[in-house]
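The structure under discussion appears below in the form of structure tokens.
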Amino acid sequence: MRSGNLAGRLTLFTEGGAVDVERASGGRFDADPQAVYARWAEFVEWAATAPVDSAVAFDAAELGPPAPRPAQVFAIGLNYRDHAAEAGLALPDAPVVFTKFVSSFAGPEGEIVLTGPTVDWEVELVAVIGTAARNVPVERGWEHIAGLTVGQDVSDRTVQSAGPAPQFSLAKSFPGFSPTGPWLVTPDAFADPDDIALGCSIDGESVQKGRTSDLVFSVPQLVAELSAALQLQPGDVIFTGTPAGVGMGRNPKRFLAAGQRLDTFIEGIGEMHHRFVSPA
Ligand code: ZN
Numbered sequence: 062m063r064s065g066n067l068a069g070r071l072t073l074f075t076e077g078g079a080v081d082v083e084r085a086s087g088g089r090f091d092a093d094p095q096a097v098y099a100r101w102a103e104f105v106e107w108a109a110t111a112p113v114d115s116a117v118a119f120d121a122a123e124l125g126p127p128a129p130r131p132a133q134v135f136a137i138g139l140n141y142r143d144h145a146a147e148a149g150l151a152l153p154d155a156p157v158v159f160t161k162f163v164s165s166f167a168g169p170e171g172e173i174v175l176t177g178p179t180v181d182w183e184v185e186l187v188a189v190i191g192t193a194a195r196n197v198p199v200e201r202g203w204e205h206i207a208g209l210t211v212g213q214d215v216s217d218r219t220v221q222s223a224g225p226a227p228q229f230s231l232a233k234s235f236p237g238f239s240p241t242g243p244w245l246v247t248p249d250a251f252a253d254p255d256d257i258a259l260g261c262s263i264d265g266e267s268v269q270k271g272r273t274s275d276l277v278f279s280v281p282q283l284v285a286e287l288s289a290a291l292q293l294q295p296g297d298v299i300f301t302g303t304p305a306g307v308g309m310g311r312n313p314k315r316f317l318a319a320g321q322r323l324d325t326f327i328e329g330i331g332e333m334h335h336r337f338v339s340p341a
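For the working numbering, add 61 to where a residue sits in the sequence shown, where the first one is 1.
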């Protein structure tokens, strides 16, 4: 099942196009895309038999983040072996956790304003929580995931490395630096939700290509580790980390320039397309 945010309204995406959930459900579900996660199991059940004959063509430019206003946002650093190696850092024993502030959220299409000469790309699988989780064992981790979407953890490396300790949260939270979409796909739609291809390209040149089977901490492991410390809430968002191929890890280093197009894909979900522009 694919659901998400079209022009700020909760939408079901079918073969035929977009179905407005508030209208198709006769008002049973609110139009707010964030509100649905509090009633996720009920929504999935309704979606299975939803009247989809009202599906219409839609403009991809109107797609927004599938979870636009989560109570909590988690982002995981050094979560692929090859990325930790290119960063010259040891593999962590426990997840390295920071946040991406919600004001940086954006949809899967559009422009992103560069904040300087060292803005970098990071394709990431993004998981959204479907039911509250506290002290969840790994083997039950997937039960708490509503679905998966495509994300970019856009990062200003100069801001990130200024000062005595890494400024991950600030450097990765400039406006537009946390795009997700094009929609959320439920875990049951994947042949193996623990082994999904992901990658991104700049002006058509592939720069990152990986598989989530190489995650150091898998999605269910992240649910277990995070829920051991705090309560995960329905609608919370987890950026799960990036594989190798970021610009900072290259020799010479390489960063995004005005006019360049960044295309991001995850197998079984879809693509995002962004263009980088200079500040006005
Ligand atoms: Zn990242």
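We put the beta carbon where it would ideally sit given N, CA and C, even for glycine.
What you are looking at is a predicted structure, and each value in this text was computed from that prediction instead of being measured.
Judged by DSSP secondary structure, T72 falls within the beta strand (DSSP E) whose first and last residues are R70 to T75. Pairing F104 with F90, the inter-Cα distance amounts to about 8 Å. Here D217 is actually not in contact with K161; their C-beta atoms are around 12 Å apart, not less than 8 Å. Taking every protein chain shown into account, the CB of E185 has 16 or more other CB atoms within 10 angstroms, so this residue is buried. Counting only the Cα atoms, Q282 lies some 13 Å from V158. G138 and S115 have their C-alpha atoms some 42 Å from each other. Distances from the alpha-carbon of M333 to those of Q221, I263, E286 and A341 put I263 closest.
As the crow flies, the alpha-carbon of A85 is around 47 Å from that of R315. Excluding its 5 nearest sequence neighbours in each direction, K233 has C-beta neighbours in its own chain below 6 Å: K161, D214 and S216, listed in chain order. Per DSSP, the beta bridge partners of Y141 are L276. Contact check for L317 against D181 passes: the beta carbons are separated by less than 8 Å. Put simply, of E286, I173 and G177 the residue whose alpha carbon is nearest the alpha carbon of H335 is I173. Distances taken from the Cβ of G302 to the heavy atoms of the ligand ZN include one shorter than 7 Å. Taking a cut-off of 8 Å on C-beta distances, the segment 269-276 does not touch the segment 92-99, as fewer than three cross pairs fall below it. Here the C-alpha atom of L152 lies approximately 45 Å from the C-alpha atom of A118. Closer than 7 Å to some heavy atom of the ligand ZN: that does not describe the Cβ of E147. Considered as a whole, the segment 268-323 harbours 280-290 as its complete alpha helix (DSSP H) runs of no fewer than 4 residues, in chain order. Distance from the CA of P198 to the CA of A68, rounded to the nearest whole angstrom, comes to 37 Å. The beta-carbon separation of E147 and A305, rounded to 5 Å, stays under the 8 Å limit for a contact. Distances from the CA of P129 to each of I206, T75, P240 and G88 were compared; the closest alpha carbon is that of P240. Ranked by how close their Cα comes to the Cα of G177, the residues P248, T325, E328 and A319 have A319 in first place.
Residue nearest to T247 within the set A132, G125, L209 and F229 is L209 (criterion: CA-CA distance). Residue environment: S339 is assigned as exposed (fewer than 16 neighbouring CB atoms within 10 Å of its CB, all protein chains considered).
Cβ contact annotation for A155 (same chain, cutoff 7 Å, sequence separation greater than five): E286, in chain order.
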